[in-house]
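Trainee: In our numbering, the protein residues as written are 5 to 266.
From the three backbone atoms N, C-alpha and C, an ideal C-beta is built for every residue, glycine too.
Next up is a structure, given as structure tokens.
In structure tokens form, the structure reads like this:
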């Protein structure tokens, strides 16, 4: 739990309002939501301005997009499953340059958080409609009306809360692994709703797709910086899913490698 009950209740008020009024959210409310995300973790150490620019060390910097790999396999009629080696990512420690880019391209603004979370889930549902069964509230709406529901807005913001926690702790990566592992463990309860192991892949693809679109839209980055940012965000997405997947698989076997988070 990273919000007190009182704070979370107020936070939910920001996402329960009618969709048509979302863009008219009072400035004070938007600032409150942004402040909540900025407090999800402890304050971070910043690198000094005279630090040398580090070379990229991300273990997955040159890996190909998994969606494109799958599409190529499907078009060729091959049944080969694309294998992604994850051992090098398990203990990933972003270097100075990578941390700088992650912090620089992240935002705690309400619009950014909601748009990113919404884009991730829309991608998931568009590319794997079976995932909708994990969210029973969708059946209560006609057609795509669920996209404007308070339940969907709440879920979208929950997802980016996870990413916010990771970004805020990039200077304390020892805190991130158990956090993500615990989230994976909690997903075991969705197995009865139909959650499958392979769904972690579509979650990773969705994060990559949404974050890449975000990087390419930033006018504050030049072309080279955008390419670098896409690489490091892809790595962060893979790191995130690898540890959530590990927690999920262990949880199915009744294993928990970390003590419960307080």
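When burial is assigned at 16 or more other CB atoms within 10 Å of the CB, is residue 46 buried or exposed?
Mentor: The pLDDT assigned to residue 46 is 42, lower than 50, so where the model puts this residue is not dependable, and the model offers no usable value.
Trainee: Out of 169, 258 and 143, point me to the one whose CA is closest to residue 183's CA.
Mentor: Among 169, 258 and 143, the Cα nearest to that of residue 183 is on 169.
Trainee: For a test of your reading of the model: does the CB of residue 102 fall under 7 Å from any non-hydrogen atom of the ligand FMN? Yes or no.
Mentor: Among the components modelled here there is no ligand, and therefore nothing to report on the ligand FMN.
Trainee: Relative to the C-alpha of residue 188, which candidate in 103, 249 and 105 has its C-alpha closest?
Mentor: For the residues 103, 249 and 105, the minimum Cα distance to residue 188 belongs to 249.
Trainee: Spatial neighbours of residue 255 within its chain, please: C-beta separation below 6 Å, excluding the five flanking residues on both sides.
Mentor: 189 and 192, listed in sequence order.
Trainee: Is the beta carbon of residue 171 sitting closer than 8 Å to the one on residue 106?
Mentor: Taking 8 Å as the Cβ cut-off, residue 171 and residue 106 qualify as a contacting pair.
Trainee: For residue 248, name the three-state secondary structure that DSSP assigns.
Mentor: Of the three classes helix, strand and coil, the one that applies to residue 248 here is helix, per DSSP.
Trainee: Compute the beta-carbon to beta-carbon distance between residue 97 and residue 211, rounded to the nearest angstrom, for a pair I have assumed lies under 8 Å.
Mentor: That belief does not hold up - the Cβ atoms of residue 97 and residue 211 are roughly 20 Å apart, past 8 Å.
Trainee: In whole angstroms, give me the CA-to-CA distance for residue 154 and residue 146.
Mentor: Spanning the two alpha carbons is a distance of roughly 15 Å.
Trainee: Which runs of the alpha helix (DSSP H) fall wholly inside the stretch 159-244 and span at least 4 residues, in chain order?
Mentor: DSSP runs (the alpha helix (DSSP H)) wholly in the stretch 159-244: 177-190 and 203-221.
Trainee: Quick check on residue 263: does DSSP put it in helix, strand or coil?
Mentor: It is coil, neither helix nor strand.
Trainee: Could you tell me how far apart the beta carbons of residue 138 and residue 199 are, in whole angstroms, since I believe they sit closer than 8 Å?
Mentor: At roughly 6 Å, the Cβ-Cβ gap stays under 8 Å, so residue 138 and residue 199 are in contact.
Trainee: Which residue from 185, 150, 125 and 226 puts its Cα closest to that of residue 253?
Mentor: Nearest C-alpha to residue 253: 185.
Trainee: To the nearest angstrom, how far is it from the Cα of residue 159 to the Cα of residue 121?
Mentor: Distance between the alpha carbons of residue 159 and residue 121 is about 8 Å.
Trainee: Where residue 204 and residue 111 are concerned, what is the direct C-alpha to C-alpha distance, given to the nearest angstrom?
Mentor: One C-alpha to the other measures close to 25 Å.
Trainee: Pick helix, strand or coil for residue 129, following the three-state DSSP scheme.
Mentor: Reduced to three states, the DSSP call for residue 129 is helix.
Trainee: Between 242, 140, 114 and 263, which lies nearest to residue 161 when the distance is taken from Cα to Cα?
Mentor: Closest option to residue 161, Cα to Cα, is 114.
Trainee: For residue 96, which of helix, strand or coil comes out of DSSP?
Mentor: In this structure, residue 96 counts as coil in the three-state DSSP scheme.
Trainee: Exposed or buried, what is residue 152 when buried is set at 16 or more other beta-carbons lying within 10 Å of its beta-carbon?
Mentor: Residue 152 comes out exposed.
Trainee: May I have the straight-line CA-CA distance separating residue 167 from residue 258, to the nearest angstrom?
Mentor: Taking the straight line from one Cα to the other gives about 26 Å.
Trainee: With DSSP as the reference, label residue 145 as helix, strand or coil.
Mentor: Three-state result, residue 145: coil.
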